[in-house]
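2 protein chains.
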Amino acid sequence: MKRIKLTIAYDGQKYSGWQIQNNANTIQAEIEKACQNLFSQEIKVIGASRTDTGVHALGQVATFDIDTSIPDKKIAYALNARLPEDIVVQESKEVHNSFQPRYHAIKKTYHYHIINNEFILPQYRAYNHFVSRKLDINKMQEATKLFIGEKDFKSFCSANSSVKTTIRTIYALEVEQKAPFLTIKVTGNGFLYNMVRIIAGTLIDVGLNRLSIQEVDEIIKSKNRAKASPTAPAKGLTLVKIYYGGKDDES
Amino acid sequence: MKRIKLTIAYDGQKYSGWQIQNNANTIQAEIEKACQNLFSQEIKVIGASRTDTGVHALGQVATFDIDTSIPDKKIAYALNARLPEDIVVQESKEVHNSFQPRYHAIKKTYHYHIINNEFILPQYRAYNHFVSRKLDINKMQEATKLFIGEKDFKSFCSANSSVKTTIRTIYALEVEQKAPFLTIKVTGNGFLYNMVRIIAGTLIDVGLNRLSIQEVDEIIKSKNRAKASPTAPAKGLTLVKIYYGGKDDES
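Chains as they are written, first to last, in UniProt numbering: chain U, 1 to 251; chain S, 1 to 251.
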């Protein structure tokens, strides 16, 4: 048996997220269907990140095991021929049998995209959250510093989540402006449920002068979801890259 | 009567271009419909640029004449409430009664968007032409120099066009890379039918090593549409900005 690692881009608009569910279109279900069609057998695909309904990806990672003579690099082409056009495998390669996409991920990068303009630009509607009031970018950038490091991010975790620990490490958090676009770029060792979107919602409130830097500091320290801002819409979020350790990026 | 100038962004995917035609959805028809609904009278809207089927815009310009007490800046909001979500008025302002959007334009900027990647990125499918073979950007940039200046662009004009003269001036032509994206940015005093898309197609052939710099020079000099490359697909093209002279950008 070979273990194949896929790197996958998708437009999340029409999907109820990554994870297979009854009576819902999901990315995982589409990829399993394409694999089963290609290899004529039942195949279980394991994903690194359970992206939510409407969230997009450029670099989702998933694996499956298969006995096949198709060269590993060619599997991407064969799967793309069987996938809907809003899901595209970017790379397929054989990895060690011990590789686990979820547990071996050492960091992840997400981008949250915003159009900050008086009126929405229709071409960018589907992949950007629209904010019509002028955002104070400098203040948002100032606020990002409070999130860096190992912290308890309980205030930025959806209340209906049950995890062992709400401590995570954020390595980088930046607000990049290329008017009228704004991108919040965040890299961390892992993210709680809705964490990036709650951080984005909070930074937007800072940019709108609804929150001071001092208040953001208090929100973090409160460990109380109710203190932070609303979750920013899914369509602005893209899972950009998942990092693995080891020489060839897969340990 | 006041003359109102609109600056309009649209997603061209679902439209048969700007200009009103029988039995086709067009941008002009949608804007006239919204104006007529707002002002309860027949209104003729005049556009600066007849964008083609599937071409997008960030800065199309159009005018119409109306007797109204609605403040000019507010008309954008009122029209947007009446327009489909893929057409959005970005600005409305009163201009001098002599202002003509088509004849007073002094230059226009178009961007042609390309994804140059082994596999398409589905989120960017609708607004980018996809080229999977690696493009030689330096060679494309070298070729752009040949287009700058006042020249006869007959080789870059769709054969089924009848214009008085095929001489136009290109002020700037650049190929900008932000991998995996490539943008061809062109500014000129006016463009022939399909001119930007034929230039884009020709530059892509340069990038794919199908054409040498010398051959591009010969294509320009030949004044023969058949010598240039195929017209690049409409979905990559965006009308970005139309410039007007005068103090307040409208003479």
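No residue lacks a Cβ here, since even glycine has one placed at the ideal position from N, Cα and C.
Everything numeric in this text was worked out from a predicted model, so none of it was measured.
Worksheet entry | Integer Cβ distance of T109/U from K185/U, believed to fall under 8 Å | 7 Å
Item to complete: Have a look at D152/U and S222/U and give me their C-alpha separation to the nearest angstrom.
Response: 10 Å
Worksheet item: I think H113/U touches Y127/U, with their Cβ atoms under 8 Å apart; what is that distance to the nearest whole Å?
Response: 6 Å
Practice prompt. With a threshold of 16 other CB atoms inside 10 Å of the CB of E118/S, please say whether the residue is buried or exposed.
Written response: exposed
Discussion item. Give me, in chain order, the residues of the same chain whose beta-carbon lies closer than 8 Å to that of Q36/S; leave out the 5 immediate sequence neighbours on both sides.
Written reply: E42, I43
Worksheet item: For the alpha helix (DSSP H) that I204/S lies in, which residues bound it at each end?
Response: 195-207
Worksheet item: Is it right to say S98/U is buried, meaning 16 or more other beta carbons lie within 10 angstroms of its own, or is it exposed?
Response: exposed
Worksheet item: From this set, A179/U, K227/U, Y244/U, which residue's C-alpha is nearest G201/U's C-alpha?
Response: K227/U
Practice prompt. Spell out the partners DSSP gives R168/U in its beta bridges.
Written response: K151/U
Discussion item. Does the CB of Q28/U have a neighbour CB from chain S at under 8 Å?
Written reply: no
Item to complete: Determine the direct distance from the alpha carbon of L83/S to that of A24/U, and round the result to whole angstroms.
Response: 32 Å
Fill in: Which of helix, strand or coil DSSP assigns to G54/U
coil
Discussion item. One question on the structure: do S155/S and Y193/S come within less than 8 Å of each other, judged by their Cβ atoms?
Written reply: no
Worksheet item: Does the segment 9-27 of chain U come within contact of the segment 69-78 of chain U, defined as at least 3 CB pairs closer than 8 Å?
Response: no
Worksheet item: Q90/U versus chain S: which residues are under 7 Å apart at the beta carbon?
Response: F119
Discussion item. Beta-carbon within less than 8 Å of Y10/S's beta-carbon, same chain only, minus the 5 sequence neighbours each way: which residues are those?
Written reply: I27, H56, A57, Q60, D86, I87, V88
Item to complete: Closer than 8 Å by C-beta to R3/S: which residues in its own chain qualify, once you throw out the five before and the five after it? Chain order, please.
Response: T63, F64, D65, E94, V95, H96, N97, F99
Item to complete: Tell me, please, whether the CB atom of Q123/U is closer than 8 Å to any CB atom in chain S?
Response: yes
Worksheet item: I think I198/S touches I170/S, with their Cβ atoms under 8 Å apart; what is that distance to the nearest whole Å?
Response: So it is not a contact: roughly 13 Å between Cβ atoms.
Practice prompt. Put D217/U into one of helix, strand or coil per three-state DSSP.
Written response: helix
Practice prompt. Taking D205/U and L211/U to be in contact with their CB atoms under 8 Å, please state how far apart those CB atoms are, rounded to whole angstroms.
Written response: 5 Å
Discussion item. Among T165/U, L146/U, M1/U, G12/U, whose alpha-carbon lies nearest the alpha-carbon of R50/U?
Written reply: G12/U
Worksheet item: Is D136/S closer than 8 Å to N224/S when the C-beta atoms are compared?
Response: no
Worksheet item: A48/S: buried (16+ other C-beta within 10 angstroms of its C-beta) or exposed?
Response: buried
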